Ligand SMILES: Nc1ncnc2c1ncn2[C@@H]1O[C@H](COP(=O)(O)OP(=O)(O)OP(=O)(O)O)[C@@H](O)[C@H]1O
Ligand SMILES: [Mg+2]
């Protein structure tokens with residue numbers, strides 16, 4: 001019943017990616033407002049407000065600590081919401097994929113293109129935070145630019161699971177489970193707002209299983225001018241999540257679309 | 260290689276173990292218009308989806324444009340245009356952008372494209388709507404845009420799944436005119452419909468299917484000749500007034516549906532003489548048409564789909 005073949009990477013995925021980019025460009029103003037407005041609120045409200053009481057965390061001013069965590073988490077959030085809501089919209093109510101499948105495009109092109117697109121949107125939102133942080137003086141090292149490709153990898157890593165969930169969902173409501181049980185806990189426990197080391201031991205080992213912790217473990221030092229440790233290990237975890245979830249997303253979307 | 264644009268042998272499709280297409284053979288010649296007729300749930304859309312390589316065959320052999328489906332489906336679709344049963348235009352784009360983006364999926368871009376899109380918009384009379392969003396189009400405009408979109412790649416085969424269902428007579432006639440033009444320019448048309456008038460006007464060959472099997476095939480006129488007498492007298496009236504009209508000899512040429520008797524015959528004068536002076540009875544004398552064949556073959560009971 002299931003088609004277990006490996007995803008085929010074809011040029012068609014660029015067409016799918018490009019279609020989404022064109023839509024995004026049409027809605028540029030509201031998109032940018034969201035991309036820049038949200039981090040401003042977080043950084044000003046939490047970073048400066050809370051920062052006054054917290055002072056320094058892990059040797060960093062709180063604003064800098066928070067900003068470097070948000071670079072990672074915003075790619076996660078953005079890629080996830082695109083992979084859940086937008087992919088579902090194109091798959092079910094809008095039947096965009098049905099239209100694409102009447103052209104030379106195939107299901108594998110759609111999944112690969114959507115993965116790329118979700119990660120691209122993640123990259124956009126992380127870059128916006130980086131820029132805002134720079135303007136606020138929270139981040140000033142040139143090596144922080146390396147966070148941009150990393151935010152793309154982080155996006156891939158969360159796009160796959162989100163598309164998987166969208167592929168077997170029957171309605172938008174179903175996404176509440178994923179957001180409440182998976183996404184929000186990661187946002188809160190994986191070190192965006194405080195160091196993971198403040199958690200109890202068992203919780204620390206649990207958190208190490210989650211990809212956001214690994215994204216932050218590389219992105220935070222890079223953004224703040226420190227040298228990241230165990231880079232290969234962290235990147236491998238992210239890459240593994242991206243690849244395995246890409247494979248599963250392809251298998252599951254095939255099942256949904258090819259009947 | 261061969262003279263058929265589509266060659267299907269023993270096509271079967273099952274969903275969850277239940278067969279909805281049960282061994283369909285099709286031979287669609289190059290050029291002309293081929294009609295796939297059948298009531299709701301007959302398996303028309305499922306058959307088309309297999310032909311397009313969108314739905315894997317459960318059994319059978321299928322060749323389109325001389326190539327095996329599904330092996331070469333993606334390649335074959337370069338030369339096919341599809342007008343789906345339910346419009347799936349992209350609501351995030353305008354009319355013009357819809358065509359442009361869709362052309363991109365075929366790797367078409369650059370110089371000639373803009374011109375081609377202009378021609379297509381003119382062809383379906385949507386030039387004024389070029390920069391309008393999809394949700395501001397009427398149903399008829401959407402269907403016309405779907406047809407234009409299906410033509411961006413200059414297809415050799417145009418597949419239309421119930422192209423005129425739900426449209427008003429003006430749009431329907433306009434679309435028929437355009438389809439006839441396409442046919443004349445050499446495009447092969449494959450269409451499904453349950454409009455018999457549409458099939459009679461457009462199709463050179465038709466297949467009537469129901470419950471996943473083909474019941475009959477041939478040219479529309481030939482099918483009428485084969486399955487029903489050439490003339491029909493429809494008799495409407497109070498059921499009480501009717502028994503006096505029919506005799507036992509008539510049983511085999513009559514179908515009764517609700518308050519109407521359909522009387523199939525070679526010599527209508529005799530029955531007309533019997534009904535014309537009855538006060539409570541009205542009648543209509545007309546040539547037999549494809550709808551009579553369709554109803555004879557697929558039965559008159561309603562479909563619960
Ligand atoms: N994905 C599916 N899963 C299960 N059953 C399906 C699926 N697609 C179609 N069917 C069933 O197959 C049968 C044929 O459906 P199909 O859509 O091919 O009919 P159709 O001739 O196009 O009808 P209509 O004129 O209503 O469009 C129906 O009974 C339908 O319920
Ligand atoms: Mg159908």
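Chains as they are written, first to last, in the working numbering: chain A, 1 to 259; chain B, 260 to 564.
For glycine and all other residues, C-beta sits at the position ideal for the given N, C-alpha and C.
As the structure is a computational prediction, the values presented were derived from the model and not from experiment.
Against chain B, the CB of residue 230 of chain A has no partner CB under 8 Å away; the residue lies outside that interface. The Cβ atoms of residue 91 of chain A and residue 166 of chain A sit closer than 8 Å to each other. The residues 251, 254, 255 and 258, in chain order, have a CB closer than 8 Å to that of residue 3 of chain A in the same chain once the five nearest residues on each side in sequence are set aside. Residue state for residue 172 of chain A is assigned as helix, using DSSP reduced to three classes. Taken in chain order, the complete beta strand (DSSP E) segments of 3 residues or longer contained in the stretch 475-529 of chain B are 490-496, 513-516 and 519-524.
Within 7 Å of the C-beta of residue 304 of chain B there is at least one heavy atom belonging to ligand 2.
Fully contained in the stretch 32-103 of chain A are the following alpha helix (DSSP H) runs of length 4 or more, in chain order: 51-54, 62-81, 87-91 and 96-100. Taking the CA atoms as reference points, residue 100 of chain A sits about 16 Å from residue 117 of chain A. A distance of 8 Å or more separates the beta carbons of residue 296 of chain B and residue 423 of chain B. Looking at the DSSP output, residue 267 of chain B shares a beta bridge with B:285 and B:321.
Counting the other Cβ atoms within 10 Å of the Cβ of residue 421 of chain B gives 16 or more, which makes it buried. Taking 8 Å as the CB threshold, residue 314 of chain B lines the interface with chain A.
Checking the 7 Å criterion, the Cβ of residue 344 of chain B is within range of a heavy atom belonging to ligand 1.
Using beta-carbon distances, residue 227 of chain A does not count as an interface residue toward chain B, since no partner is under 8 Å.
With a cut-off of 7 Å, the C-beta of residue 277 of chain B is classified as distant from ligand 2, since no heavy atom of the ligand falls inside that distance.
In the structure shown, residue 194 of chain A adopts coil according to DSSP, grouped into three states. The beta carbon of residue 356 of chain B sits closer than 6 Å to no other beta carbon from its chain once the five residues preceding and following it are set aside. Looking at A:71, A:188, A:13 and A:22, the one whose alpha-carbon comes closest to that of residue 40 of chain A is A:71. Residue 274 of chain B sits in a strand when the DSSP states are folded into three classes. With contacts defined by Cβ atoms closer than 8 Å, residue 64 of chain A and residue 139 of chain A form a contacting pair. Per DSSP, residue 339 of chain B lies in no alpha helix (DSSP H) segment; the continuous beta strand (DSSP E) that holds it begins and ends at 339-342. About 6 Å separates the CB atoms of residue 262 of chain B and residue 289 of chain B; that is less than 8 Å, so the two are in contact.
Boundaries cannot be given for residue 146 of chain A, as no beta strand (DSSP E) includes it and DSSP labels it neither H nor E. With respect to chain A, the C-beta atom of residue 363 of chain B has a partner C-beta closer than 8 Å. In chain A, no part has a C-beta under 7 Å from the C-beta of residue 414 of chain B; the shortest such distance is about 10 Å. Scanning B:348, B:358, B:353 and B:352 for the CA closest to the CA of residue 95 of chain A turns up B:348. Under a criterion of Cβ atoms nearer than 7 Å, the residues of chain A adjacent to residue 341 of chain B are, in order, 102.
Taking a contact as a CB-CB distance under 8 Å, the pair residue 238 of chain A and residue 157 of chain A counts as one, their CB atoms being some 5 Å apart. Three or more beta-carbon pairs separated by less than 8 Å link the stretch 4-21 of chain A to the stretch 99-113 of chain A, which places the two stretches in contact. Non-local beta-carbon contacts of residue 143 of chain A in its own chain, meaning distances under 7 Å to residues more than five positions away in sequence, involve 222 and 225 in chain order.
Nearest neighbour of residue 304 of chain B by Cα position, chosen from B:449, B:462, B:531 and B:339, turns out to be B:449. Here residue 248 of chain A has 164 as same chain residues with Cβ atoms under 6 Å from its own Cβ, once five neighbours each way along the sequence are excluded. The DSSP-derived three-state label of residue 326 of chain B is strand. In this model, residue 419 of chain B and residue 521 of chain B are separated by some 32 Å (Cα to Cα). Residue 274 of chain B counts as exposed, since fewer than 16 other C-beta atoms from the protein chains shown sit within 10 angstroms of its C-beta. Within the same chain, 190, 191, 196 and 207 come within 7 Å of residue 213 of chain A by CB-CB distance, once the 5 residues on both sides are set aside.
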